[in-house]
Every structure is written in structure tokens, then in C-alpha cells.
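Residue numbers (my numbering): 38 to 175.
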């Protein structure tokens with residue numbers, strides 16, 4: 038059994054994108070980690086973290102604390118994180134409940150979609166999620 042901190046650590050864009058998780062991911066280890074996070078997410082506080090977080094921890098592209106998905110991935114992700122935090126009006130180091138983040142998604146989704154979803158490698162996965170479908174139908 039894993040030994041947990043009292044809070045989950047999430048970087049900015051995970052506060053938005055994890056709402057659209059539908060059971061898919063890079064590999065079994067990554068998916069198992071996400072499922073574990075979702076077992077805890079309603080019970081624990083989330084601390085806004087700057088950099089590789091609890092989701093990134095089992096990503097096969099995380100090397101030396103940086104995303105190596107492609108040449109510019111780490112810088113792109115940092116910009117995405119900052120945009121997410123601006124839209125959600127949350128600062129690094131803040132502790133928040135998942136339900137409070139979820140309540141902000143409807144308001145910020147159109148701008149998030151316009152800036153990130155349309156060109157995301159995960160778009161096909163998100164399109165299977167009912168919460169995501171509800172926003173796109175509007």
C-alpha cells in the first residue's frame with residue numbers, strides 16, 4: 038500500500054484536464070496512478086504545485102523532473118499551467134478541494150478549449166468523456 042501525503046499535488050493544467058479522464062493513458066502504470074488519484078481526489082486537499090506533480094510521477098516521458106514528450110514539451114506545459122491558473126484564479130501553493138475546482142470549469146471551458154483542446158494529443162480521449170461532451174454541446 039502506498040504512503041500518501043495529506044494533499045495531492047497538481048500542476049495547473051491537470052486541474053482542468055483531469056476532469057475529462059476516461060480511463061486511458063500512456064501505459065498501465067500511468068493509468069493505475071490516475072485511478073488511484075481519483076480514489077483520493079474527493080477526500081484530500083489539492084495543493085497547486087509548480088512543476089511535475091502527482092499525475093506526472095508515473096508518466097513515461099518524465100525525465101529529471103522535466104517532460105520529454107517532445108523537444109519543447111516542458112516549456113509548453115509550463116505556459117499551459119500558468120494559463121490554467123489564471124483562468125481558475127488560483128495561485129501556486131494554494132490548497133483547494135476538487136469540488137471547488139470542478140465548479141469553475143463551466144465558466145472557463147470555452148477559453149480553455151479555444152487555447153488548448155483543439156490542438157491537443159488527448160482530444161480524442163477527452164471527447165469520450167460525458168462532462169467534456171456536455172461543454173462541447175453548448
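Virtual Cβ for every residue (Gly too), placed ideally from N, Cα, C.
The beta carbon of residue 92 sits closer than 8 angstroms to those of 47, 48, 51, 55, 70, 71, 74, all from its chain and outside the five residues before and after it, given in chain order. Annotation for residue 82: 44, 132 place their beta carbon closer than 6 angstroms to its own, counting only its chain and skipping 5 residues before and after. Judged by pairs of C-beta atoms under 8 angstroms, the stretch 142-157 does not touch the stretch 60-67, as fewer than three such pairs exist. Under the three-state reduction of DSSP, residue 84 is assigned to strand. With a beta-carbon spacing of about 11 angstroms, residue 122 and residue 141 fall beyond the 8 angstroms limit used to define contacts.
In this structure, the straight-line span from the alpha carbon of residue 135 to that of residue 108 is close to 32 angstroms. Beta-bridge analysis with DSSP links residue 44 to 82. Counting other Cβ atoms within 10 Å of its Cβ, residue 118 reaches 16 or more and is therefore classed as buried. Check the Cα spacing between residue 58 and each of 149, 160, 89: the tightest is with 160. In the three-state scheme derived from DSSP, where H, G and I count as helix and E and B as strand, residue 108 is classed as coil.
The Cβ-Cβ distance between residue 106 and residue 98 falls below 8 angstroms. Leaving aside the five residues that flank residue 96 on each side, the residues in its chain whose CB is nearer than 7 angstroms to its CB run, in chain order, 63, 67. Under DSSP, residue 100 forms a beta bridge with 103. Within the same chain, 152 come within 7 angstroms of residue 120 by CB-CB distance, once the 5 residues on both sides are set aside.
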